[in-house]
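What follows is a set of notes on a single structure, which appears directly below.
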Amino acid sequence: MRALLFGFCLLLTGCIVPVGTTGQVGVPIPIFVDTSAQSHVGSVHVCTLKPFTREYRSEHTNRGIAKLSVQKKCQENHHSMFCEEKDIVCKTYG
Numbered sequence: 001m002r003a004l005l006f007g008f009c010l011l012l013t014g015c016i017v018p019v020g021t022t023g024q025v026g027v028p029i030p031i032f033v034d035t036s037a038q039s040h041v042g043s044v045h046v047c048t049l050k051p052f053t054r055e056y057r058s059e060h061t062n063r064g065i066a067k068l069s070v071q072k073k074c075q076e077n078h079h080s081m082f083c084e085e086k087d088i089v090c091k092t093y094g
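Quick note, the sequence shown lines up with residues 1 to 94 if you use UniProt numbering.
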């Protein structure tokens, strides 16, 4: 019961929206990485995202981490509406 209560409190802390001193508001976005389908040992996932003319690329042995990384790279220069997960293309090598 104690662990359940602790877990619930931990989930609620993710709902807090921090406000910076410059007036900017950060909104936390939960991202789940699927670990149930583990990739083969030695395989590498290469994910690309091309919102306009520039292509962003990320490689990792975990597909979820590669997708998240390429999405973050894109969002550094573009609005999140141009860096959606549905537009990410991943290929597996190895």
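Positions of the beta carbon are idealized from the N, C-alpha and C atoms, including for glycine. On a predicted model such as this, the values are computed, not experimentally measured, just so you know.
If you reduce the DSSP assignment to three classes, tell me which class residue i lands in.
{"i": "K91", "result": "strand"}
{"i": "E59", "result": "strand"}
{"i": "C83", "result": "coil"}
{"i": "I65", "result": "helix"}
{"i": "R54", "result": "coil"}
Please classify residue i as buried or exposed, where buried requires at least 16 other C-beta atoms within 10 Å of its C-beta.
{"i": "V89", "result": "exposed"}
{"i": "R54", "result": "exposed"}
{"i": "S58", "result": "buried"}
{"i": "R63", "result": "buried"}
{"i": "S80", "result": "exposed"}
{"i": "K67", "result": "buried"}
{"i": "residue 109", "result": "Past the boundaries of the shown model lies residue 109; the chain is included only from 1 to 94, so the question cannot be answered."}
So the beta strand (DSSP E) residue i belongs to, where does it begin and stop?
{"i": "T48", "result": "44 to 49"}
Does residue i come within less than 9 Å of chain D when only Cβ atoms are used?
{"i": "M1", "result": "Absent from the structure: chain D. Only one protein chain is present."}
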